[in-house]
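S.K.: Protein chains in written order, with my numbering: chain H, 1 to 335; chain X, 1 to 286.
One structure coming up, written as structure tokens, with questions to follow.
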């Protein structure tokens with residue numbers, strides 16, 4: 001999977017902003033965006049969550065959820081063995097049912113990328129071809145508190161090891177202090193570090209960590225900023241901060257993506273991550289995506305779930321549909 | 001001028017809360033003379049599913065408590081029942097149409113059974129377990145462990161005593177319970193749930209569904225996350241097919257009993273919902 005070209009991203013940003021992307025210009029632009037109607041947003045999200053999805057639609061939704069999962073392990077205690085078992089689950093989520101689709105990607109820490117690539121072997125590739133990508137978190141995940149040089153080295157090392165996608169965190173401290181130019185430059189620099197020698201580039205997911213941005217207005221500004229700076233995906237959270245992904249925040253980010261698509265024709269992806277544990281919740285996200293940006297977005301290059309325990313719940317629901325009786329945790333793997 | 005009646009709403013008991021049925025359904029509970037007593041929730045398969053989730057979540061805490069502690073908690077239920085005896089006697093009198101003396105005797109018996117089973121909590125392992133004879137310098141010890149989530153179809157012809165007789169023994173070893181109350185006499189079971197909610201029983205350890213056992217029991221019998229099913233009150237249902245469903249997901253099964261001494265107090269009812277773990281341990285070398 002390859003991301004957008006960096007040069008065109010910067011040129012487009014300058015064209016949209018009407019000037020160089022420094023603190024002052026970005027501040028003028030981002031603070032000029034209309035504020036978020038928080039009550040309306042939450043009501044809309046709650047309304048989208050009430051849709052009843054039954055039988056064949058539910059079956060389709062469950063399979064699609066699996067195809068959109070970034071199966072994730074991001075623990076300090078991760079070992080090569082843990083990553084190998086994660087990959088085994090990604091390739092063959094339910095050994096009792098060969099019709100189960102594969103997940104889109106596995107998401108690991110940068111130093112675990114070589115083990116993930118090795119374990120995937122021939123199954124490593126583009127999710128569009130039924131293969132599995134490797135996503136790596138980088139830039140001093142999850143806090144983002146490190147110097148730029150270290151963030152860039154972190155990124156370049158993961159890409160060199162074979163990562164197809166980089167999940168970076170923005171500098172929330174700089175963002176909240178109003179240093180929009182700094183955040184922009186860091187995203188652009190990380191984007192540049194995603195480049196491979198052959199001219200292609202790893203796809204860049206920009207984690208906003210919405211739980212630390214406090215307001216919906218900030219989430220909207222951070223979304224615009226990340227897209228302007230060249231992010232291919234905007235991602236809600238690291239999963240290490242509560243609240244992580246919520247439906248209203250994801251809806252808001254999808255609206256930014258929709259507006260950006262209308263303005264420029266470019267399609268940006270969205271990845272809610274953290275806290276989505278049940279199939280029921282995940283289906284609400286599918287509904288929200290389809291109703292906000294359209295069903296086109298329900299594909300691995302434009303929408304992902306960052307999740308670990310969600311997959312087991314989806315598998316239990318699939319088993320319920322297949323067997324006609326409720327299944328239990330003894331019939332899926334222990335993660 | 002007479003006061004306006006304030007009838008009580010009887011709801012389900014799932015995960016320590018008292019929700020209505022997710023289906024929104026209720027059914028009329030009638031007194032022995034045919035007059036209206038109350039509306040009770042008519043649980044659906046999804047309520048049963050939610051109850052199993054709550055019960056599963058409660059297993060580690062309850063089975064991890066010491067046997068002594070479980071005994072104390074169960075004994076406290078008996079203490080609280082004693083304090084509410086007038087409410088239970090009145091409920092049984094109305095629902096079953098029996099005399100005050102008979103209702104009172106039923107409550108007495110129910111409380112005595114709680115106490116009896118509470119006493120077993122830190123003693124049954126000594127009786128059911130064993131130090132097995134071996135020909136070598138090691139011990140070989142078998143101990144009973146709780147099987148996990150137990151579904152119970154309680155005796156259908158009694159308000160309180162049948163419920164207590166079927167639910168208490170499953171709790172003793174550390175199992176969590178999803179109980180389907182008597183369809184005709186569900187009110188005492190929900191009143192008992194109110195006692196459980198205000199005692200020291202952790203949430204989710206006991207879950208009470210009211211409604212049609214014929215509708216709910218098949219979903220519990222076939223549920224892969226239920227480890228055992230007590231069909232003691234399922235005599236009027238197609239319990240053979242329930243047993244077949246249970247076998248498909250490797251459950252322990254107790255068969256229906258009928259008559260006055262159905263679910264009589266017995267150590268066997270505790271042991272039925274345990275798994276035997278056998279371990280080897282070296283003897284000390286001098």
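Yeah, the Cβ is synthetic: ideal placement off N, Cα and C, and Gly gets one too.
Is it true that the segment 72-81 of chain H meets the segment 97-108 of chain H, where meeting means three or more beta-carbon pairs spaced less than 8 angstroms apart?
M.R.: Result yes; three or more Cβ-Cβ pairs closer than 8 angstroms.
S.K.: Considering Cα atoms alone, identify which of H:114, H:57 and H:88 is closest to residue 159 of chain H.
M.R.: On the first chain, position 159 is the one that residue 159 of chain H refers to. Residue 159 of chain H has its Cα closest to that of H:114, out of H:114, H:57 and H:88.
S.K.: Enumerate in chain order the residues of its own chain whose CB-to-CB distance from residue 319 of chain H is below 7 angstroms, with the five nearest sequence positions on each side excluded.
M.R.: As a position in the first chain, residue 319 of chain H is number 319, starting the count at 1. Once the five neighbours on either side are set aside, the close Cβ partners of residue 319 of chain H are 327 and 331.
S.K.: Could you tell me whether the segment 157-166 of chain X touches the segment 222-236 of chain X, where touching means 3 or more Cβ pairs closer than 8 angstroms?
M.R.: Yes, the segment 157-166 of chain X touches the segment 222-236 of chain X.
S.K.: I want to see whether chain X comes within less than 9 angstroms of residue 109 of chain H, judged by CB atoms only; does it?
M.R.: For the purposes of this step, residue 109 of chain H is taken as residue 109 along the first chain, with counting starting at 1. Answer no: the Cβ-Cβ gap between residue 109 of chain H and chain X never drops below 9 angstroms.
S.K.: Determine, for residue 326 of chain H, whether the minimum Cβ-Cβ distance to residues of chain X falls below 9 angstroms.
M.R.: Position 326 of the first chain, counting from 1, holds the residue named residue 326 of chain H. Yes, its Cβ sits closer than 9 angstroms to a Cβ of chain X.
S.K.: So is residue 95 of chain X in contact with chain H if we call contact Cβ pairs under 9 angstroms?
M.R.: As a working note, residue 95 of chain X is residue 95 in the second chain. With 9 angstroms as the cut-off, residue 95 of chain X does not count as an interface residue toward chain H.
S.K.: Which of helix, strand or coil does DSSP assign to residue 198 of chain H?
M.R.: The count along the first chain starts at 1 and reaches residue 198 of chain H at position 198. Collapsing the DSSP output to three states places residue 198 of chain H in coil.
S.K.: Between the C-alpha atoms of residue 312 of chain H and residue 92 of chain X, what's the straight-line distance to the nearest angstrom?
M.R.: Mapped onto the first chain, residue 312 of chain H falls at position 312. Mapped onto the second chain, residue 92 of chain X falls at position 92. If you draw a straight line from the Cα of residue 312 of chain H to the Cα of residue 92 of chain X, it is about 45 angstroms long.
S.K.: Against chain X, does residue 115 of chain H count as a neighbour if the rule is that its beta carbon must be under 9 angstroms from one of theirs?
M.R.: For the purposes of this step, residue 115 of chain H is identified with residue 115 of the first chain, where counting begins at 1. Not an interface residue.
S.K.: Using CA coordinates, which residue listed in H:146, H:237, H:229 and H:275 is at the minimum distance from residue 260 of chain H?
M.R.: Position 260 of the first chain, counting from 1, holds the residue named residue 260 of chain H. Taking only the C-alpha atoms, the option nearest residue 260 of chain H is H:229.
S.K.: Kindly indicate which residue of H:242, H:190, H:200 and H:183 has the alpha-carbon position closest to the one of residue 212 of chain H.
M.R.: Counted from its first residue, the first chain places residue 212 of chain H at position 212. Taking only the C-alpha atoms, the option nearest residue 212 of chain H is H:242.
S.K.: Mind pulling the chain X residues with CB within less than 8 angstroms of residue 330 of chain H?
M.R.: On the first chain, position 330 is the one that residue 330 of chain H refers to. Those are 224 and 225, listed as they occur along chain X.
S.K.: Quick one: Cα of residue 80 of chain H to Cα of residue 112 of chain H, how far?
M.R.: Numbered from its first residue, the first chain carries residue 80 of chain H at position 80. Numbered from its first residue, the first chain carries residue 112 of chain H at position 112. Taking the straight line from one Cα to the other gives about 7 angstroms.
S.K.: Considering only residues of the segment 59-90 of chain H, which uninterrupted beta strand (DSSP E) runs meet the minimum length of 3 residues and lie entirely inside it, listed in chain order?
M.R.: For secondary structure counted as the beta strand (DSSP E) over 3 or more consecutive residues, the segment 59-90 of chain H holds these complete runs in sequence order: 69-72.
S.K.: Please tell me whether residue 245 of chain X has its Cβ less than 9 angstroms away from any Cβ of chain H.
M.R.: Counted from its first residue, the second chain places residue 245 of chain X at position 245. It does: the Cβ of residue 245 of chain X has a partner Cβ on chain H nearer than 9 angstroms.
S.K.: So, at 6 angstroms on beta carbons, what are the nonlocal neighbours of residue 179 of chain X in its own chain, with the 5 sequence-adjacent residues on each side left out?
M.R.: For the purposes of this step, residue 179 of chain X is identified with residue 179 of the second chain, where counting begins at 1. 152, 154, 167 and 208, listed in sequence order.
S.K.: Under 9 angstroms, Cβ to Cβ, is there at least one residue of chain X near residue 317 of chain H?
M.R.: One-based indexing of the first chain puts residue 317 of chain H at position 317. So, not an interface residue.
S.K.: State the Cα-Cα distance for the pair residue 49 of chain H and residue 87 of chain H, rounded to the nearest angstrom.
M.R.: Here residue 49 of chain H corresponds to residue number 49 of the first chain, with the count starting at 1. Here residue 87 of chain H corresponds to residue number 87 of the first chain, with the count starting at 1. Distance between the alpha carbons of residue 49 of chain H and residue 87 of chain H is about 31 angstroms.
S.K.: For the segment 224-273 of chain H, list the beta strand (DSSP E) runs that are entirely contained and at least 3 residues long, ordered along the chain.
M.R.: 233-235 and 269-271
S.K.: Identify the contact partners of residue 49 of chain X in chain H, using a Cβ-Cβ distance below 7 angstroms as the criterion.
M.R.: Stepping through the second chain from its first residue, residue 49 of chain X is reached at position 49. Per Cβ cutoff of 7 angstroms: 326.
S.K.: Going by C-alpha to C-alpha distance, which of H:304, H:189 and H:248 sits closest to residue 233 of chain H?
M.R.: Residue numbering aside, residue 233 of chain H sits at position 233 when the first chain is read from its first letter. For residue 233 of chain H, the nearest C-alpha among the options comes from H:304.
S.K.: What residues match up with residue 168 of chain H in a beta bridge as DSSP calls it?
M.R.: Here the question's residue 168 of chain H lines up with position 168 in the first chain. Partner(s): H:138 and H:206.
S.K.: Relative to the alpha-carbon of residue 177 of chain X, which residue among X:83, X:8, X:15 and X:134 has its alpha-carbon at the smallest distance?
M.R.: Translated into the one-based positions of the second chain, residue 177 of chain X becomes position 177. For residue 177 of chain X, the nearest C-alpha among the options comes from X:15.
S.K.: Tell me the DSSP secondary structure of residue 213 of chain H in three-state form.
M.R.: Your numbering for residue 213 of chain H matches position 213 in the first chain. Helix.
S.K.: Can you grab the Cα-Cα spacing for the pair residue 263 of chain X / residue 67 of chain X, in whole Å?
M.R.: Indexing the second chain from 1 puts residue 263 of chain X at position 263. Indexing the second chain from 1 puts residue 67 of chain X at position 67. Computed Cα separation, rounded: 23 angstroms.
S.K.: Tell me which residue opens and which closes the beta strand (DSSP E) that residue 352 of chain H is part of.
M.R.: The structure shown has nothing for residue 352 of chain H, since chain H only spans 1 to 335.
S.K.: What number of angstroms, rounded off, separates the C-alpha of residue 118 of chain H from the C-alpha of residue 17 of chain H?
M.R.: By 1-based counting over the first chain, the position of residue 118 of chain H is 118. By 1-based counting over the first chain, the position of residue 17 of chain H is 17. Between residue 118 of chain H and residue 17 of chain H, the C-alpha separation is close to 43 angstroms.
S.K.: What is the DSSP secondary structure of residue 209 of chain X, reduced to helix, strand or coil?
M.R.: Locating residue 209 of chain X in the second chain gives position 209, counting from the first residue. Three-state DSSP puts residue 209 of chain X in a strand.
S.K.: Return the chain-ordered list of same chain residues with a C-beta closer than 8 angstroms to the C-beta of residue 83 of chain H, the five sequence neighbours on each side being excluded.
M.R.: Numbered from its first residue, the first chain carries residue 83 of chain H at position 83. Result list for residue 83 of chain H: 73, 106, 108, 112, 115, 116 and 119, in chain order.
S.K.: Look at the alpha carbon of residue 94 of chain H and the alpha carbon of residue 315 of chain H, and state the distance between them as a whole number of angstroms.
M.R.: Residue numbering aside, residue 94 of chain H sits at position 94 when the first chain is read from its first letter. Residue numbering aside, residue 315 of chain H sits at position 315 when the first chain is read from its first letter. Answer to the nearest angstrom: the Cα atoms are 7 angstroms apart.
S.K.: Go through the segment 93-170 of chain X residue by residue and report every complete run of the beta strand (DSSP E) that reaches 3 residues or more, in order.
M.R.: 130-132, 138-146 and 149-153
S.K.: Please name the residue, chosen from H:244, H:256 and H:138, that lies closest to residue 202 of chain H on a Cα-to-Cα basis.
M.R.: Along the first chain, read from residue 1 onward, the residue named residue 202 of chain H stands at position 202. Measuring from the Cα of residue 202 of chain H, the nearest candidate turns out to be H:138.
S.K.: Which residues in the same chain as residue 107 of chain X place their Cβ atom closer than 6 angstroms to its Cβ, once the five residues preceding and following it in sequence are excluded?
M.R.: Position 107 of the second chain holds residue 107 of chain X. 85, 88 and 89, listed in sequence order.
S.K.: Which residues of chain H have a Cβ atom closer than 9 angstroms to the Cβ of residue 219 of chain X, listed in chain order?
M.R.: The residue given as residue 219 of chain X occupies position 219 in the second chain. Neighbours of residue 219 of chain X on chain H, chain order: 325 and 326.
S.K.: My understanding is that residue 52 of chain X touches residue 226 of chain X, with C-beta atoms under 8 angstroms, so please give their C-beta distance in whole angstroms.
M.R.: Here residue 52 of chain X refers to the residue found at position 52 of the second chain. Here residue 226 of chain X refers to the residue found at position 226 of the second chain. Right, the Cβ-Cβ distance comes to about 6 angstroms (below 8 angstroms), so this counts as a contact.
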